[in-house]
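Going by the numbering used here, the sequence shown opens with residue 13, and the numbers climb by one from there. Here a beta-carbon is modelled for each residue, glycine too, at the ideal position from N, C-alpha and C.
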Amino acid sequence: MTSSTVPLTLYSALKSKIETRQARVAVIGMGYVGLPLALLYSGEKFPVTGFDIDQGKVDALQQGHSYIYRIPAEEIQHARERGFGATCDYAALEEMDVVIICVPTPLDEHHEPDLSYIARTAEAMAPHLRAGQLIVLESTTYPGTTEEVLVPILEKENRRGLKAARSGSRGEGEFFVVFSPEREDPGNQTVERRDIPKVVGGLEERASELAAALYGCVFHQIVKVSSPAAAEMTKLLENIYRCVNIALVNELKLLSLRMGLDIWEVIEAASTKPFGFHPFYPGPGLGGHCIPVDPFYLSWKAKEWDFRTRFIELAGEINASMPYHVLAAVVTALNQRKKALNGAKVLVLGVAYKKDIDDLRESPALTIIELLQREGATVRYHDPYIPFVGRGRKYDLQMKSASLDDLGSYDCVVIVTDHSSYDFAAIVRQAQLVVDTRNATRGLSAENVVRC
Ligand SMILES: NC(=O)c1ccc[n+]([C@@H]2O[C@H](COP(=O)([O-])OP(=O)(O)OC[C@H]3O[C@@H](n4cnc5c(N)ncnc54)[C@H](O)[C@@H]3O)[C@@H](O)[C@H]2O)c1
């Protein structure tokens, strides 16, 4: 059924509000994804409200402060002048026209999808739902989440008996539902967020059209797919593609080391092929909220279909083994200098999961620090973006970033994150021993450097 053959009242009212930038936009989850998105809409003159359960974040935003390194406080202050505000009070959702959900989707302790954040958000939203609102889920998740988890909670727990608009439905008491994945690449300065095409999959055509109109105000290209599940799967395909290819180069790095080949030289040469090859790079292990986590959303869901996703499992196994490879490399390098790791002083350089960002989530550095400590090393770290490492879901390190002044006092310096601000030549000059997991010391030939 096309949009022209169904009642258009709620649909056309919202469409016109979006087109005239009068639609009030709520973004739920003021984190790495939600806050920049809220600022983009505020920049486009939409009235925007950020929702979060973290009172500290809400207070910071209300006072014009930023808690994300790459977002300057001035950006929040400018948005505040344009009417942007933040709240913990879900009752304010009633006044909103569009609600974009950007809450976490981690794995639980059994490595299974933890949809509790989405479920709790839906439960909190439902009593304040209004007919004619557009609800968009952006959190990365397995195909089926929007229809099987989000929509049933919203439909069951709203007070007004509202239903999600579906193909062929004609009720007035409807709200529109879409899944649209966030595809940002934190720290990537080469692509503007607006230039990353936005994929939208509505529960039916009007929902997709509303989302296309909404995102079209910010993003240069909109890609409509046939359903929320297709949009959910699109995001997972992208991340699984990365995860599997990174595992492939990690495995080939291990083989290359054994064969005395430099995998980085090989990747550079292969990259000159003008078709059919896209470079991926090895490292100390996967990090971030996406690549180490998202593929397991699909492998979990696949079991419901009696299907094993072997590529995902194998890639996970190889990538998870990389911190152990780093540990072995440190042990061997110290051993060659007649030193033991037990009792050695080790500095881990860079703990963010990738260069030039302040995000520690799932960082392989955390595992590497724990493995080194377990073997009796005295470990310190330095990271210009992360002054303190406290407690996370899986670690409790309570460490402060060390100074770089006394590099020579460490038995070993391990480069885990190759932040651009590091002067690697100076580091190699001052350190007794450098174990480089990122090829950060390329071009420097020195006896105290071990690439692993
Ligand atoms: N960070 C990225 O680069 C990135 C990229 C693509 C996709 N994603 C996906 O986007 C989603 C959000 O990721 P993020 O990095 O922004 O996470 P985040 O942890 O930085 O932010 C999530 C925010 O949601 C808030 N929150 C949690 N439960 C809430 C609730 N019930 N109501 C209101 N707020 C709540 C948290 O307090 C936090 O501020 C995840 O699904 C992630 O996989 C992230």
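DSSP, read as helix, strand or coil, puts residue 188 in strand.
The C-alpha of residue 45 is placed about 24 Å away from the C-alpha of residue 313. Between the alpha carbons of residue 464 and residue 230 lies a gap of roughly 42 Å. For residue 461, the uninterrupted beta strand (DSSP E) segment begins and ends at 461 to 463.
Residue nearest to residue 320 within the set 308, 331 and 330 is 308 (criterion: CA-CA distance).
Judged by DSSP in its simplified three-state form, residue 207 adopts helix. Distance from the CA atom of residue 158 to the CA atom of residue 151, rounded to whole angstroms, is 10 Å. When distances are taken from the beta-carbon of residue 198 to the heavy atoms of ligand 1, the shortest one is below 7 Å. Residue 274 holds the alpha-carbon nearest to the alpha-carbon of residue 448 among 164, 218, 407 and 274. Residue 213 places its beta carbon less than 8 Å from that of residue 240.
Ranking 356, 379 and 348 by CA distance to the CA of residue 460 puts 348 first.
A distance of 8 Å or more separates the beta carbons of residue 193 and residue 133.
Here residue 413 carries a strand assignment [DSSP, helix/strand/coil]. When 367, 60 and 391 are compared, the shortest CA-CA separation from residue 90 is found for 60. Taking each of 270, 258, 125 and 300 in turn and checking the Cα distance to residue 156, the smallest one comes out for 125. Rounded to whole angstroms, the Cβ separation of residue 108 and residue 163 is 18 Å, and the two are not in contact under 8 Å.
Per DSSP, reduced to three states, the secondary structure at residue 424 is strand.
Each of 87, 49, 103 and 154 was checked against the Cα of residue 310, and the nearest Cα belongs to 154.
Annotated as distal: residue 98 and residue 43, with beta-carbon spacing of 8 Å or more. For the pair residue 140 and residue 216, the Cα-to-Cα distance works out to about 22 Å.
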